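Q: Have a look at this one before I ask anything.
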Amino acid sequence: MWNVRTMVATTMVMACVVGVTPTEARQTPRTITLTVTDPVGEKMSYSLKQITAKPGEKLKVRIVSMAQTPKIVMAHNFLLLKEGTNIKAFTDAAANARATDYIPPAFKAAIIAQTAMAGPGESMEVTFTAPTKPGKYVFLCSFAGHWAAGMTGDLIVK
Ligand SMILES: [Cu+2]
Numbered sequence: 004m005w006n007v008r009t010m011v012a013t014t015m016v017m018a019c020v021v022g023v024t025p026t027e028a029r030q031t032p033r034t035i036t037l038t039v040t041d042p043v044g045e046k047m048s049y050s051l052k053q054i055t056a057k058p059g060e061k062l063k064v065r066i067v068s069m070a071q072t073p074k075i076v077m078a079h080n081f082l083l084l085k086e087g088t089n090i091k092a093f094t095d096a097a098a099n100a101r102a103t104d105y106i107p108p109a110f111k112a113a114i115i116a117q118t119a120m121a122g123p124g125e126s127m128e129v130t131f132t133a134p135t136k137p138g139k140y141v142f143l144c145s146f147a148g149h150w151a152a153g154m155t156g157d158l159i160v161k
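Under this note's numbering, think of the first position of the sequence shown as 4, with each following residue one higher.
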């Protein structure tokens, strides 16, 4: 029974982390956890499709990969892009940027925040300040083919 209880407790803690918690202090980043599992069919996604933030809010995004597939063929990151970025052009360039962990050098200026790639069982995080300009900002995984498979979402600043 001990194991079952621990699992239940862990699941409850994870559920809380995934949910949106109110900002307690301006200086303390609000943690947002995005989990990723192995693809279902051809589809791939983050556990959250949308993150809402206040202008200039400090956020910590943690990406947790629960995938089983080896990192070389299945890794995930979180990239937040500036408004107006040509997403198709960005991801096309990223697919050819394996040497730089799928971060396209020509598009570095378009990235607001990025984590390293997380392989199976790994988690990576990044702390950053949300844009001060209200709007919709795209986040995505830049591993080859993952954006096209659905691994993307929006950060809504309002
Ligand atoms: Cu991915």
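Yeah, the Cβ is synthetic: ideal placement off N, Cα and C, and Gly gets one too.
Remember, predicted model here, so these are calculated numbers, not experimental data.
1) Confirm the yes/no value for this check: CB of Phe146, any heavy atom of ligand 1, distance under 6 Å.
2) Excluding the 5 residues flanking Ala97 on each side, which residues of the same chain have their C-beta closer than 6 Å to its C-beta?
3) So which of Lys57, Thr132, Gly124 and Arg101 has the shortest CA-CA distance to Gly114?
4) Quick check on this structure: which residue in Glu86, Asn80 and Gly153 has the alpha carbon closest to the alpha carbon of Lys136?
5) Excluding the five sequence neighbours on either side, which residues of its own chain have a C-beta within less than 7 Å of the C-beta of Ala152, listed in chain order?
6) For a test of the three-state rule: what should DSSP assign to Ile106, helix, strand or coil?
7) How far does the alpha helix (DSSP H) with Ala98 in it reach, from first residue to last?
8) What residue does the beta strand (DSSP E) around Val39 start on, and which one ends it?
A: This is what the structure gives:
1) Taking the first residue of the sequence shown as position 1, residue 146 is located at position 143. Yes, the beta carbon of Phe146 sits closer than 6 Å to at least one heavy atom of ligand 1.
2) Locating residue 97 in the sequence shown gives position 94, counting from the first residue. Contacts found: Tyr105, Pro107 and Ser145.
3) Taking the sequence shown and counting its residues from 1, one reaches residue 114 at position 111. Per the sequence presented here, residue 114 reads as Ile, with Gly not at that position. The shortest Cα separation from Ile114 among Lys57, Thr132, Gly124 and Arg101 belongs to Thr132.
4) Here residue 136 is taken as the residue at index 133 of the sequence shown, counted from 1. Of the listed residues, the one whose Cα sits closest to Lys136 is Glu86.
5) As a first step, residue 152 must be located in the sequence shown, where it is residue number 149. If we look at Ala152 and ignore the five residues flanking it on each side, its Cβ neighbours are Pro42, Glu45, Lys46 and Met47.
6) Mapped onto the sequence shown, residue 106 falls at position 103. Note: Ile106 maps to coil in three-state DSSP.
7) Taking the sequence shown and counting its residues from 1, the one referred to as residue 98 is at position 95. Run containing Ala98: Ile90 to Ala98, per the alpha helix (DSSP H) assignment.
8) Mapped onto the sequence shown, residue 39 falls at position 36. Taken as a continuous stretch (DSSP letters only), the beta strand (DSSP E) holding Val39 covers Arg33 to Val39.
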